[in-house]
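K.L.:
Just passing along the structure, written as structure tokens.
Protein chains in written order, with our numbering: chain A, 26 to 656; chain B, 3 to 580.
See below:
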């Protein structure tokens, strides 16, 4: 049913790499090429707008985050005090100072205080993450709901002009990125910044000389990491290009497996693959190696700081400038110092990516919508099924005229046969009648009412469709048939199935009406699926029918059943038939002859034969010879 | 996963080097606190600044060495892991390329693509992680304990006790989180499914005014996913604070125990400070391992999927002793003798006792409703499938006795759905036969009625065909697919309903041109159109997996009920006018 079949028939594409649920480590995002957001600030503001309803919870998150971080930053300094106390006691004892010795009561008090401090810090850090889980997930939930609701309001044009994968990747993958960033990176950002400030403050209170020493290592670390990241970026780009070539080959060869096999090209295909695989490997290991250096490098710079602190701090202690415990504290701070910095650069990258993802989601949310239903909609309580086209003009592309000034008057119960090649023709008819697309000019009326004055839902309920492209969803047979009617009772449902000649085969299924239809509906044959849609139409009991007689991919016996069921369904209803059968055409009240989606001729069978145009050609070339064949 | 790692065999030596390097790297990191304790005990306590500088120099040297080892380790592990990825990818691709049609469809092309690309990357990332990070943890733990023991046994006990406790906490958190995250994956799949339905079925949803119900389904899936995600993340949230708490409490314990040891004069202050460092380093190394456990479930399911492919043996392969192709008997006669075939696992055979002969120089048409077994029947000729009983013969030789390349080299197969490959028109036609000359290609294109539109393309035969031929119409693709088969100059032509996208006039012209081209070959045509079949020398009528009639058109009209039904019902009016 997708027009021109664009949605489903694309080549098999390699799915995007999944993002780990627990999020990246501190190094993730470093060295990978970044995308640029078009409007960073605006998108960020809009994204933050989604956090608005959680203001209160967010405030609590920030407060708990602050408490947790401040307490954890205080730890080393206090621990250092204990060490100093021990050291002094030890030295005093060694010097045989009277009353010298370690003040265990004092040390014990400090340590007990520390235990309390750490407990509070960890508890609050946990609370922060705990609260954030709900905020992040509820926010993504809301966005997902918005996207789904948006789908409801988007015109069909939107879906017809995009591949399903394209839309899915926005609704799923991009949403995932947003979710993980909200979950992890926001709190990380908070704690990293706080830790950084806290650690610097603590270090300054201990010794400004040592603080400067540690600070000197910082530009070194940044310069080195930047250099490496830059190089690795080049390799990552190389690797990415090689990977997409490789994936392209794989997708294509797998998609054409039968041909590859039939023509005995396996060996050649493998050779091509091996060459691409080799190219990819050459890029991949370099990219991996270069980005793998980042961690040892930063660690080295960290160690450099460690050594300098140990040496300079040692000298300072011997000169009684600072206490030994302070050196110990300083070493711990030095380690804590580099972590938030690497984290922050990673976070910056992730946020960049997230904004790009959010931008793509917002683009989706900002797509122009259908005109809303008329406020004072006209309700037709007992539709009779009269359909009028009043000088209707319509085109998909502004420069390709399709329907020009079409006027049609279909009385209730009449049958209109549409004859011609497959393609946009029948889809256009469905599109216009069901108001999937609005006409450019003129009007379509049902029972004298312009369809734009009705509620879309009400309008569509007047129509029944049985098309070749049956659409079933995963659910039971019963649910699928009842899709046409609200809460249909079992009797009505079975009656519809019987009318559609579907009852018999349904009963042969393992759980009869409650048999689940699986994802691809592969447990039913094409013909059985068509019978189900007919049953669905019977149950819905529409005033106007749109039928496609084509029954390719259906075995002869089922085909007979389908034909019979369709004939019964058509009785007493206005019907538009995509005709494939001689008898249908002959009995039609009006034949529309389509070519390239445009109506080129119209009239009854006799009129069109007499006109000796396209229809007559078609009829003579096909049906006349068929008449000869069967005699 | 372990099974997959067997493919690492050729890297055994390098892996050993990586392990040595990791050991050196961890020893280097651990030596730093040790040297620092010397600064304290020999330098600070004794007031010896020379000693401080000396040990500082040692520390610098050690850390350079350790970094060097880490970089070398990163180099080798990058090569091992990406090399491993290359091996796995290559193995999957080579294996999948030889799968029979049935096996291939069993897994599905899309799934195979994922297995070849994403799953391999997952496993590769996992290996990187193991080689660079995970490997350090045991080295650090063992080295750290040894060093701590060498300084003071009593204090080392603190570490020895803490480590298993930490492991346990970690284990319990993960035991809860891993199934939850697996469940979450299922829920993501579910939401994707519903969303896919919304997108794919947008017309039907709107036609039946079912937007609300669909939204309710989505909402249910969304809520479900959200709740699970919240639970997972809340559980994971315990991890970091818990680990830090333990690290910090360990520090407190070290100071407390250390103070008593120092008081007893069995240990020095420097050693105590060093022990704090050991604890930190060991626990961080262990902590890094958690990253692996985060990746593990996903990587191991990837590995499982990869193994499924690698463990599947192609069920159609060359015979052990192939019959050599004898040039003199080359004619192309195809004979089915009592052939019965059943798709694996199917209750009913798709083909029952089929017997017929297709002679060289003749056109044999196969007709029947869908599901009657037509495509199955012709798929047995190039051995897309193998018979269950009976035999398929080509020039009197069982197709199973021939080498696959010999057999398929004699067949020009034109599939139902014309599939072209990225490349030029020329490369696509040469797919039929690499050695074909340009004039042969042009001739084939002319016969296949493809010359007109190829001539109109921007670069004629050198024009690019984008992936799958999306820049061509269905009819054009079919004509190129036919030309591709013609280029092959095979003894047997098999057309699987390959004229369906052609308009009436082109169909007629093409068949007329084909007649001359295939005069000496065996032509087997599966067709829906009666007009395609009507001139065939022999028509084989299929119904429900059985041959119910063989003969010419006129004859069958009289004798075969099924054939008459088909002629009457299958007038594909819609295709005529395009």
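By construction, the Cβ of each residue, glycine as well, lies at the ideal position given by its N, Cα and C atoms.
In the DSSP assignment, find the unbroken beta strand (DSSP E) run with residue 281(A) in it and report its ends.
P.N.:
Bounds of any beta strand (DSSP E) do not take in residue 281(A), whose DSSP letter is neither H nor E.
K.L.:
Are the CB atoms of residue 236(A) and residue 275(B) within a distance shorter than 9 Å?
P.N.:
no
K.L.:
For residue 297(A), I'd like the list of residues in its chain whose CB is within less than 7 Å of its CB, leaving aside the five on either flank, ordered along the chain.
P.N.:
Within the same chain, 274 come within 7 Å of residue 297(A) by CB-CB distance, once the 5 residues on both sides are set aside.
K.L.:
Once you ignore the five residues that flank residue 21(B) on each side, which residues in its own chain have a CB closer than 7 Å to its CB?
P.N.:
137
K.L.:
So which residues of chain A does residue 275(B) contact, with C-beta pairs closer than 7 Å?
P.N.:
In chain order: 108, 353.
K.L.:
Taking the straight line between their C-alpha atoms, what separation do you get for residue 248(B) and residue 313(B)?
P.N.:
45 Å
K.L.:
I'd like to know if residue 342(A) contacts chain B, where contact means its C-beta is closer than 9 Å to some C-beta of that chain.
P.N.:
yes
K.L.:
May I ask you to list the residues that DSSP assigns as paired with residue 501(A)?
P.N.:
Paired residue(s): 541(A).
K.L.:
Give me the DSSP bridge partner(s) of residue 366(B).
P.N.:
526(B), 540(B)
K.L.:
By how many angstroms is the C-alpha of residue 223(B) removed from the C-alpha of residue 449(B)?
P.N.:
Our two residues, residue 449(B) and residue 223(B), have alpha carbons roughly 56 Å apart in a direct line.
K.L.:
Rounded to whole angstroms, how far is the Cβ of residue 435(A) from the Cβ of residue 640(A), which I believe are closer than 8 Å?
P.N.:
With 8 Å as the limit, residue 435(A) and residue 640(A) do not qualify as a contact, their Cβ atoms being about 19 Å apart.
K.L.:
Spatial neighbours of residue 402(A) within its chain, please: CB distance less than 8 Å, with the 5 preceding and 5 following residues excluded, ordered by chain position.
P.N.:
Excluding the 5 residues flanking it on each side, residue 402(A) has same chain C-beta neighbours closer than 8 Å at 478, 479, 480, 483, in chain order.
K.L.:
Can you have a look at residue 637(A) and say buried or exposed, based on whether 16 or more other CB atoms are within 10 angstroms of its CB?
P.N.:
exposed
K.L.:
Compute the Euclidean distance between the alpha carbons of residue 271(B) and residue 166(B), then round it to the nearest angstrom.
P.N.:
Straight-line Cα distance between these residues: approximately 27 Å.
K.L.:
From the DSSP output, which residues share a beta bridge with residue 628(A)?
P.N.:
616(A)
K.L.:
In angstroms, rounded to a whole number, what distance separates the CA positions of residue 542(B) and residue 523(B)?
P.N.:
18 Å
K.L.:
Measuring CA to CA, which of 278(B), 322(B), 87(B) is closest to residue 304(A)?
P.N.:
87(B)
K.L.:
In the DSSP output, what is residue 24(A) paired with across the bridge?
P.N.:
Residue 24(A) is absent from the structure shown; chain A starts at 26 and stops at 656.
K.L.:
Please compile the residues from chain A whose C-beta is within a distance smaller than 8 Å of the C-beta of residue 421(B).
P.N.:
280, 281, 283, 284
K.L.:
Out of 62(A), 65(A), 155(A), point me to the one whose CA is closest to residue 87(A)'s CA.
P.N.:
155(A)
K.L.:
Apply the 10 Å Cβ neighbour rule to residue 515(A) and answer buried if 16 or more other Cβ atoms are within range, or exposed otherwise.
P.N.:
exposed
K.L.:
For residue 467(B), which of helix, strand or coil comes out of DSSP?
P.N.:
Residue 467(B): strand per DSSP, three-state reduction.
K.L.:
Counting beta carbon pairs with one atom in the segment 11-19 of chain B and one in the segment 72-87 of chain B, are three or more of them shorter than 8 Å?
P.N.:
yes
K.L.:
Within this structure, are the beta carbons of residue 84(B) and residue 308(B) separated by less than 9 Å?
P.N.:
no
K.L.:
For residue 393(B), which three-state DSSP category applies?
P.N.:
Three-state result, residue 393(B): strand.
K.L.:
So, helix, strand or coil for residue 203(B), using DSSP?
P.N.:
coil
K.L.:
Starting from residue 356(B), trace the beta strand (DSSP E) both ways and give me its first and last residue.
P.N.:
353-360
K.L.:
Measure from the C-beta of residue 384(B) to each C-beta in chain A and report whether the shortest distance is under 9 Å.
P.N.:
Interface residue, yes.
K.L.:
Would a check of beta-carbon distances place residue 127(A) closer than 9 Å to chain B?
P.N.:
yes
K.L.:
Have a look at 242(A), 226(A), 313(A), 144(A) and flag the residue whose alpha-carbon is nearest the alpha-carbon of residue 240(B).
P.N.:
144(A)
K.L.:
Relative to the alpha-carbon of residue 317(B), which residue among 46(B), 95(B), 554(B), 104(B) has its alpha-carbon at the smallest distance?
P.N.:
104(B)
K.L.:
DSSP state of residue 361(A), grouped into three classes?
P.N.:
helix
K.L.:
Should residue 258(B) be flagged as near chain A, meaning a C-beta pair shorter than 9 Å?
P.N.:
yes
K.L.:
Hey, is residue 339(A) close to the ligand NAP, as in C-beta under 8 Å from one of its heavy atoms?
P.N.:
As for the ligand NAP, it is missing from this structure, which has no ligand bound.
K.L.:
Listed in chain order, which residues of the segment 422-435 of chain B have Cβ atoms closer than 7 Å to some Cβ of chain A?
P.N.:
So the close ones are 423, 424, 433, 434.
K.L.:
Mind checking if residue 490(A) is an interface residue toward chain B, Cβ cutoff 9 Å exclusive?
P.N.:
yes
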